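In what follows, a structure is listed as structure tokens, so that the remarks can point back to it.
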Amino acid sequence: MKLTGAEIIIKAFEHEGVDIVFGYPGGQILPFYDKLFDSSIRHILVRHEQGAAHAAEGYARATGKPGVCIATSGPGATNLVTGIANAYMDSIPIIALTGQVPTTKIGSDAFQEADITGITLPIVKHSYLVRDVNTLAGIVRSAFHIATTGRPGPVLIDLPNDVSTATAEFEYPPPVALRGYQARREIDPNLIYQAAKAIGEAKKPVIYSGGGVISSGASEELRELAERAQIPVTTTLLGKGAFPETHPLSLGMLGMHGTKYANYAISYSDLIIAIGARFDDRITGRLDTFAPHAKVIHIDVDPAEIGKNVRVHHPLNGDVRAVLKELLLRLEAPEDQEWLKQVMAWKAENPLTYAWVDGVIKPQYVIEQIWDLTRGNGIVTTEVGQNQMWAAQYYKTLAPRTFISSGGLGTMGFGLPAAIGAQAGCPDKLVFDIAGDGSIQMNSQELATAVAYNLPVKVAILNNGYLGMVRQWQELMWNRRYSQTDLNVGTPDFVKLAEAYGALGLRATRPEEVRPALEQAIATPKPVVIDFVVAREENVFPFVPPGQPLTKMVGG
Amino acid sequence: MRHTLSVLVENQPGVLTRVAGLFARRGYNIESLAVGQTHDPSVSCMTIVAGGDDLVIEQVVNQLDKLIDVIEIRDITQVKYVDRELMLLKVKAEASMRGEIMQIVDIFRARIVDIGQETLTIECTGDAGKAQAIEKSLKPFGILELARTGKIAMVRGPKYGDV
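So the protein sequences, as listed, match chains Z and L. If you're matching positions, the first sequence starts at 0 in numbering that gives the first Met the number 0 and goes up one per residue. If you're matching positions, the second sequence starts at 0 in numbering that gives the first Met the number 0 and goes up one per residue.
Have a look at this one:
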């Protein structure tokens with residue numbers, strides 16, 4: 000049977016198990032939207048295309064399935080760019096479908112024409128400009144395969160208007176053999192043996208685990224490794240949830256705003272077992288002083304990450320879960336328990352703390368209360384800045400896919416649309432967006448989306464009237480010159496803003512109001528915005544100033 | 000150190016942009032790049048000469064290998080290979096000078112491909128050393144124009160990868 004290009008896309012989405020897409024229509028993508036009208040695929044109409052890309056990512060990270068976002072040509076497509084870049088930096092599988100001017104007009108500066116495959120070249124895992132409707136089904140199949148296998152990432156499909164109306168015989172092709180793409184690699188048993196031996200011989204081992212553990216579904220294996228060998232575990236921001244943070248062996252997050260004990264453990268270790276993590280500068284601090292005595296085992300699916308930033312002694316290139324399974328078969332536990340005692344002593348002596356001030360809401364207290372009320376059973380998304388770091392420090396994540404934050408790109412405005420995507424994918428979960436007053440204003444229009452689809456996300460704004468993280472840097476490193484970071488004038492009344500959209504708006508200005516506000520928000524079956532008016536100049540501590548060794552932590 | 004990479008890619012629009020873009024984005028240096036279709040019309044071969052220490056080149060190779068359109072990549076620097084560049088030179092050549100220029104052309108086994116009233120156009124193929132040498136020898140006569148391809152390379156002996 001002959002189908003149009005638009006119908007082929009929808010059929011192909013159905014074959015790929017797509018149930019929800021996030022998008023915004025426009026002229027050149029109209030043929031697709033016309034066919035979508037008759038489809039069973041649920042479409043969430045966002046209020047800005049950036050929201051669609053972040054929502055697709057939030058959906059993907061919460062469910063483990065690829066997220067799909069859709070926009071029209073030109074400005075619709077360019078509005079997706081930040082979201083695509085975010086998914087690329089954090090290795091999240093999303094498919095971005097964009098309309099394009101007809102093939103006969105490409106290159107003529109037609110109305111709403113933008114070279115989106117060109118613009119996104121450095122921030123996609125792969126991209127397609129579809130020129131022939133007969134190749135379309137195969138392209139969609141390949142796009143999903145590429146996005147979800149190996150190191151996951153965003154794939155863009157640019158669909159010219161005339162291709163979406165042209166017809167072709169539809170048959171969903173068998174898995175496409177891509178001669179230039181190898182998702183899985185054989186693991187050399189000898190390297191596994193040597194790594195296992197290194198673990199057995201280590202005196203001061205530490206596990207450093209990242210988002211790769213979550214994308215590969217290897218939390219169980221990670222836990223078995225840690226428990227059998229009695230090795231403490233620290234995670235990156237993206238690795239939160241890979242290992243339960245209430246576990247005695249958990250050291251929480253490491254790096255620039257990591258716990259003191261995690262940073263001590265990695266700095267004084269003699270063996271780092273890096274699992275699905277990439278030694279980012281926010282993790283290592285000054286690179287030439289990073290973990291000077293440590294040998295490194297690096298498990299990662301992406302061969303280009305191994306040896307990129309630090310010297311690796313035991314490279315284990317492959318799917319994290321598959322490698323861990325092999326490693327567990329040969330695992331030898333270190334005998335020496337002195338190190339673990341030392342690490343546990345650091346942990347006991349250096350808890351995360353903040354000073355309580357009567358009558359003032361400390362932002363950390365809000366996060367503690369959210370954790371206490373949810374017991375880690377909800378999903379938390381964050382914006383970017385101080386709110387994100389306090390959430391990372393004080394919200395003890397228990398399970399994979401329940402802490403969703405913009406790591407590599409650090410995108411303000413990510414949290415609310417990501418929460419919407421997560422809530423759409425997990426309707427039974429309680430979803431919190433931990434926000435700042437700056438970040439929330441970058442995509443607050445998505446409150447309309449949350450209300451329209453009754454996605455009952457709870458937005459907890461830690462409102463200090465500043466771009467708090469930038470202000471903190473100005474305070475600590477730029478002589479308290481608060482250039483362009485005071486947001487107090489012009490910030491909307493967030494309660495009224497919520498009400499204007501038809502959401503519930505609440506405000507807490509004193510510590511004793513925090514818990515009742517949260518309880519009311521949780522009990523309300525619709526979107527809620529809570530304006531927590533917090534201490535204005537609270538800082539995130541500990542803090543490793545940029546370019547400093549991890550042991551040079553300030554505060555906390 | 001200078002490395003020679005032999006890269007097989009899908010013969011499709013946009014592939015060159017992906018490869019060149021990756022070099023630009025990650026701050027790697029391309030010294031020369033030559034590309035053309037192979038005996039399989041769906042495959043092109045790129046020969047890339049890139050500068051950088053071994054760690055940088057290892058990153059270049061790993062990052063290029065991740066591109067879906069890159070089918071195969073080999074650093075052939077340490078392998079025995081044949082390499083050629085093609086150079087065209089237009090030299091100032093009044094009648095009195097032509098004999099001397101033609102002698103030089105003969106020595107380098109180059110060819111004269113066009114004669115103008117006061118110019119000679121010379122075609123020369125060879126490795127980078129030969130191209131450099133003939134350029135130097137002809138310089139005193141006055142080089143008016145010069146165009147050269149990047150280097151293309153092929154490993155000596157049986158098909159690379161089959162041994």
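All residues carry an ideal CB built from backbone N, CA and C; glycine is no exception. Note that this is a predicted model, so its numbers are computed, not measured.
Asked, Found
"Quick check on DSSP: helix, strand or coil for valine 90 of chain L?", "strand"
"Which stretch, first to last residue, makes up the alpha helix (DSSP H) that contains tyrosine 192 of chain Z?", "188-200"
"Whose CA, out of Z/Gly4, Z/Thr148, Z/Glu382 and Z/Leu429, lies closest to the CA of glycine 406 of chain Z?", "Z/Glu382"
"Are the C-beta atoms of histidine 125 of chain Z and some chain L residue less than 9 Å apart?", "yes"
"Who are the neighbours of lysine 307 of chain Z on chain L, taking C-beta pairs under 7 Å?", "Gln58"
"On the three-state DSSP scale, how would you describe isoleucine 40 of chain Z?", "coil"
"Reducing DSSP to helix, strand and coil, say where arginine 374 of chain Z ends up.", "coil"
"Compare the C-alpha of glutamate 498 of chain Z against each of Z/Ile118, Z/Leu454, Z/Glu244 and Z/Ala447 and name the closest.", "Z/Ala447"
"How many angstroms separate the CA atom of valine 450 of chain Z from the CA atom of valine 48 of chain L?", "56 Å"
"Quick check on tyrosine 353 of chain Z: does DSSP put it in helix, strand or coil?", "coil"
"Within the same chain, show all residues whose beta-carbon is closer than 7 Å to that of phenylalanine 413 of chain Z, passing over the 5 residues directly before and after it, in chain order.", "His53, Asn85, Glu382, Val383 and Ser405"
"Taking CB distances under 9 Å as the criterion, tell me whether glycine 407 of chain Z reaches chain L.", "no"
"Figure out for me which residue from Z/Glu168, Z/Pro174 and Z/Thr166 has the closest Cα to the Cα of histidine 144 of chain Z.", "Z/Pro174"
"If you measure between the beta carbons of glutamine 111 of chain Z and glycine 82 of chain Z, is that distance less than 9 Å?", "no"
"Quick one: what's got a C-beta closer than 6 Å to glycine 149 of chain L's C-beta in the same chain, skipping five residues either side?", "Ser31, Leu32 and Ala33"
"Measure the CB-CB distance between leucine 154 of chain Z and lysine 124 of chain Z and report whether it falls below 9 Å.", "For the record, residue 154 of chain Z in the displayed sequence is valine; it is not leucine. Contact: yes."
"Counting along the chain, where does the beta strand (DSSP E) carrying phenylalanine 531 of chain Z start and finish?", "527-532"
"Between which two residues does the beta strand (DSSP E) containing histidine 313 of chain Z stretch?", "313-316"
"Report the residues of the stretch 302-329 of chain Z with a CB closer than 9 Å to any CB of chain L, ordered along the chain.", "Pro302, Ala303, Glu304, Ile305, Gly306 and Lys307"
"At the level of alpha carbons, what is the spacing between glutamate 9 of chain L and glycine 211 of chain Z?", "29 Å"
"Answer with buried or exposed for leucine 557 of chain Z, where buried requires no fewer than 16 other C-beta atoms within 10 angstroms of its C-beta.", "With chain Z covering 0 to 555 only, the question about residue 557 of chain Z has no answer from this structure."
"May I ask which residues mark the beginning and end of the beta strand (DSSP E) holding aspartate 68 of chain L?", "From DSSP, aspartate 68 of chain L is part of no beta strand (DSSP E); its letter is neither H nor E."
"Can you pull the chain L neighbours of arginine 140 of chain Z, defined as C-beta to C-beta under 9 Å?", "Neighbours of arginine 140 of chain Z on chain L: none; closest Cβ ~13 Å, over 9 Å."
"With 7 Å as the limit, tell me which residues of the stretch 411-426 of chain Z have their beta carbon closer than that to any beta carbon of chain L; keep them in chain order.", "none"
"Between threonine 269 of chain Z and arginine 400 of chain Z, what straight-line distance do the alpha-carbon atoms span, to the nearest angstrom?", "In the sequence under discussion, the amino acid at residue 269 of chain Z is aspartate, which differs from the threonine named in the question. Rounded to whole angstroms, aspartate 269 of chain Z to arginine 400 of chain Z spans 31 Å at the Cα level."
"Does the distance from the CB of histidine 312 of chain Z to the CB of alanine 201 of chain Z come in under 9 Å?", "no"
"From what residue to what residue does the beta strand (DSSP E) around alanine 33 of chain L run?", "28-36"
"Counting only the same chain and skipping the five closest in sequence on each side, list residues whose C-beta sits under 6 Å from that of glycine 424 of chain Z.", "Tyr58, Ala61 and Thr62"
"If the cut is a Cβ gap below 7 Å, which residues of chain Z does glutamate 117 of chain L touch?", "Those within 7 Å of glutamate 117 of chain L in chain Z number zero; the least Cβ separation is about 42 Å."
"Using only the alpha-carbon positions, how far apart do leucine 21 of chain L and lysine 457 of chain Z sit?", "41 Å"
"So what does DSSP say about histidine 47 of chain Z, is it helix, strand or coil?", "coil"
"With DSSP as the reference, please indicate the residues paired to cysteine 68 of chain Z in a beta bridge.", "Z/Phe21 and Z/Ala95"
"Listed in chain order, which residues of the stretch 66-87 of chain L have Cβ atoms closer than 9 Å to some Cβ of chain Z?", "Leu66, Ile67, Asp68, Val69, Ile70 and Glu71"
"What three-state label does DSSP hand threonine 381 of chain Z in the structure shown?", "strand"
"Determine the DSSP secondary structure at alanine 293 of chain Z, reduced to helix, strand or coil.", "coil"
"In chain L, which residues lie with their C-beta within 7 Å of the C-beta of arginine 178 of chain Z?", "Ile70"
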